[in-house]
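K.L.:
Below you will find the structure I want to go over with you.
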Amino acid sequence: MQIELAHYLLLAAVLFGIGAMGVLTRKNLIIVLMSVELMLNSVNLSFIALARHAADQEAQVIVFFVLCVAAAEVAVGLAILISVWRKRGTMNIDALSALKG
Amino acid sequence: MGLETILFLILAIGAVLTALLVVTSPSPIGSALYLVGTMFCLAGLYVLLSAPFLAAIQVIVYAGAIIVLLLFVIMLLNLRRIEETISKGWRIAGLVVAGLTLFALFMAIVRGSSVLPGMPSLPEGFGKVAELGKILFTKYLYAFEATSVLLLAAMIGAVALVRKESGEGGKDAN
């Protein structure tokens, strides 16, 4: 069995689906944040697989930028999480229902 | 089976298993530790895909910085597992949406697999620091500078968000 691009893309799709499942079914804010990280990483994997198979390094540079955005996202996400913890005293997403009509 | 195939299978199975454990683990600490495993498996896959610099960055930034930050927050806030009462209907809806996303991606990949490129031979230094740096500091120079502003904004934003509010003992009274 030869490993081809499609295998890497399928693996990235599976990881993305698992991350989406975590975002949609978990109620713990910090685990939701980690699931988002998982989804970002699966997209990075498909970028790098495509870079290898198109012999184009620019896709790898894009991954570099995605990493920067992910780092910023985690920093701000954790700050929001801490202020939610201070205001509501819980990590449950259900505590954030102020916009519910 | 070649060595590359075996390595791919091991790393792929490891990544999927740890990812499943991340989203199903009841405690946040467990999730964070399994996420480290996923990141290491992905870094291994990056090496297989001739991206050694990004593999190093993946380990340093994710396993080294982001997960440590997550673990610090979990421990400082003393977070434990919370009661996750999610109604059955919503849980099934979430699984269906995630499954449909997965199915759509699968179909797109399988139907397009005939036009996917094969394994071309790579130029010298592909994925190494020098080559990536050349692209980063010429073609993507403005984007690179913009990232520095983004990181600064994220840092200031994080500090502003977690700052103690007035009346809590801080000397800033606004």
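Chains as they are written, first to last, in the numbering used here: chain X, 724 to 824; chain S, 2 to 175.
Glycine included, C-beta positions come from ideal geometry on N, C-alpha and C.
#1: If we call anything under 8 Å between Cβ atoms a contact, is Leu18/S one with Met757/X?
#2: If contact means a Cβ-Cβ distance below 9 Å, which residues of the region 736 to 750 of chain X contact chain S?
#3: Going along chain S, which residues have a C-beta under 8 Å from Ser758/X?
#4: For Ile785/X and Arg775/X, I'd like the C-alpha separation in whole angstroms.
#5: According to DSSP, which residues form a beta bridge with Asn751/X?
#6: In whole angstroms, what separates the C-alpha of Ile110/S from that of Val766/X?
#7: Less than 8 Å between CB atoms is the rule here; does Leu819/X satisfy it with respect to chain S?
#8: Given a threshold of 16 other Cβ atoms within 10 Å of its Cβ, counted over all protein chains shown, does Tyr143/S qualify as buried or as exposed?
#9: Can you tell me whether Lys135/S is helix, strand or coil according to DSSP?
#10: Excluding the 5 residues flanking Lys810/X on each side, which residues of the same chain have their C-beta closer than 7 Å to its C-beta?
#11: Given that a residue counts as buried once 16 or more other Cβ atoms are within 10 Å of its Cβ, and exposed if not, what is Asn79/S?
#12: For Ser769/X, count the other beta carbons within 10 Å of its own beta carbon; 16 or more makes it buried, fewer makes it exposed. Which is it?
#13: Touch check for the region 59 to 68 of chain S and the region 781 to 799 of chain X: three-plus C-beta pairs under 8 Å?
#14: Shorter than 8 Å from the beta carbon of Gly15/S to some beta carbon of chain X?
P.N.:
By the coordinates alone:
#1: Numbered from its first residue, the second sequence carries residue 18/S at position 17. Numbered from its first residue, the first sequence carries residue 757/X at position 34. For Leu18/S and Met757/X, no; Cβs fall outside 8 Å.
#2: Ala736, Val737, Leu738, Phe739, Gly740, Ile741, Gly742, Ala743, Met744, Gly745, Val746, Leu747, Thr748, Arg749 and Lys750
#3: Residue numbering aside, residue 758/X sits at position 35 when the first sequence is read from its first letter. Ordered by position in chain S, the residues that pass the 8 Å Cβ test against Ser758/X are Val23 and Val24.
#4: Indexing the first sequence from 1 puts residue 785/X at position 62. Indexing the first sequence from 1 puts residue 775/X at position 52. Each residue's alpha carbon lies about 13 Å from the other.
#5: Here residue 751/X refers to the residue found at position 28 when the first sequence is read from its first residue. Asn751/X pairs with Asn815/X.
#6: Here residue 110/S refers to the residue found at position 109 of the second sequence. Here residue 766/X refers to the residue found at position 43 of the first sequence. Approximately 14 Å between the Cα atoms of the pair.
#7: In the first sequence, residue 819/X corresponds to position 96, counting from 1. Not closer than 8 Å to any Cβ of chain S, the Cβ of Leu819/X fails to qualify, so no.
#8: The residue labelled residue 143/S in the question sits at position 142 within the second sequence. Answer is exposed; the Cβ neighbour count stays below 16.
#9: The residue labelled residue 135/S in the question sits at position 134 within the second sequence. Lys135/S falls in the helix class under three-state DSSP.
#10: Within the first sequence, the letter at position 87 stands for residue 810/X. The answer is none, since no qualifying residue turns up.
#11: For the purposes of this step, residue 79/S is taken as residue 78 along the second sequence, with counting starting at 1. Asn79/S is exposed by the Cβ-count criterion.
#12: Here residue 769/X corresponds to residue number 46 of the first sequence, with the count starting at 1. Ser769/X is buried by the Cβ-count criterion.
#13: yes
#14: Reading the second sequence from its first residue, position 14 is the one you call residue 15/S. Judged by the 8 Å Cβ criterion, Gly15/S is not in contact with chain X.
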